[in-house]
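Reviewing the structure listed below.
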Amino acid sequence: MYMPPEMLRFLQQLNGYLHYQNQQIQQMDAKIQELMQEFNQFKDRYKEPPVIRNEYRFDLLKVEKLEGTLNIGINPNGSDSSIEEFAVGQSLDVPPLIEKQHPHLYPGIQQQVDDYLNNGAYDSLKGLENQYNHPLDDQYRKFIVDDVKKQIDKRIREYLKRIHPEEARAEQVPYIQQSVFENVKRDIEKTFETFMTNLLRKENQSSDGI
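Take any residue in the sequence shown, note its place counting from 1, add 1, and you have its number in this note's numbering.
Given below as structure tokens:
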């Protein structure tokens, strides 16, 4: 079949163009596959860490006397952020007799503890973060401090209940207030430390299980 030179030249050009387009498509497909592989590698490398629930609460084990030792620990299985009852029939909501004798004592301790929780407590947490090389973000710190705040009133009252009303003379009130505050502050700092060690242990266990 005779084909004019112009038509033959056109078909050759068309074939060359189609061949070029096919090469471009193959290159684009290879590039897409390469990008998909890089994306999957990036996703695996920066996979979101597992969420670790750390529910905790004050666990009061022993109170000897005001200037004695108050041992506490973290209970990761507890869901209620409250201090345990100390004896059958004992209600922590009943104000100690010393509050009736000195009505300004309890609010004074509350204010001291509140000031500490709003300022010094965050410094204590950051110090523990540096010590254990495990930084927390601001929201996590606030969550921990806010949870502790919910438990403080009952803790203060339990210390006050350990003071015999006859020993709570007016001249002793400043000492009592400072002593209770220091004990509560110590409990808070001990709770922060126990929480951090518990958090690290849980994360290590989770990493080992992956």
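Heads up, the beta-carbon is just placed ideally off N, CA and C, and yes, glycines get one too.
Limits of the unbroken alpha helix (DSSP H) element including D172: The residue labelled residue 172 in the question sits at position 171 within the sequence shown. With the sequence shown as reference, residue 172 is identified as Glu, and Asp is not the correct amino acid for it. That residue, E172, is in no alpha helix (DSSP H); it is neither H nor E in DSSP.
Go to N131, then tell me how far its alpha helix (DSSP H) extends in each direction, as first and last residue. Within the sequence shown, residue 131 is the residue found at index 130, counting from 1. From DSSP, the alpha helix (DSSP H) with N131 extends over 121-133.
Given a threshold of 16 other Cβ atoms within 10 Å of its Cβ, counted over all protein chains shown, does Y21 qualify as buried or as exposed? Position 20 of the sequence shown, counted from the first residue, corresponds to residue 21. The residue in question, Y21, is exposed, as its Cβ has fewer than 16 Cβ neighbours within 10 Å.
Whose CA, out of G128, I164, V185, I99, lies closest to the CA of D116? If you number the sequence shown from 1, residue 116 lands on position 115. Out of G128, I164, V185, I99, V185 has the C-alpha closest to the C-alpha of D116.
To which residues of the same chain is S125 closer than 7 Å at the C-beta, ignoring the five residues directly before and after it? Working through the sequence shown from its first residue, we reach residue 125 at position 124. Closer than 7 Å at the Cβ level, and outside the excluded window around S125, lie E190, F193.
So, are the CB atoms of L118 and K151 less than 7 Å apart? Here the question's residue 118 lines up with position 117 in the sequence shown. Here the question's residue 151 lines up with position 150 in the sequence shown. Taking 7 Å as the Cβ cut-off, L118 and K151 do not qualify as a contacting pair.
Counting only the same chain and skipping the five closest in sequence on each side, list residues whose C-beta sits under 6 Å from that of G128. As a first step, residue 128 must be located in the sequence shown, where it is residue number 127. Excluding positions up to five away in sequence, the list is empty.
Cα-Cα separation between L67 and I110, rounded to whole angstroms: Locating residue 67 in the sequence shown gives position 66, counting from the first residue. Locating residue 110 in the sequence shown gives position 109, counting from the first residue. In this prediction, L67 has a pLDDT of 32, which is less than 50 and means its spatial position is unreliable; nothing more can be read from the coordinates.
Hey, how far is the Cα of E159 from the Cα of Q132? Your numbering for residue 159 matches position 158 in the sequence shown. Your numbering for residue 132 matches position 131 in the sequence shown. Each residue's Cα considered, the two are about 31 Å apart.
Measuring only the C-alpha atoms, how far is S180 from R156? Within the sequence shown, residue 180 is the residue found at index 179, counting from 1. Within the sequence shown, residue 156 is the residue found at index 155, counting from 1. Approximately 13 Å, taken between the alpha carbons.
Pop quiz: L1 and P166 are said to be a contact at Cβ under 8 Å. What is the actual Cβ separation, rounded to whole angstroms? In the structure displayed, the chain extends from 2 to 211; residue 1 sits before or after that span and is not available.
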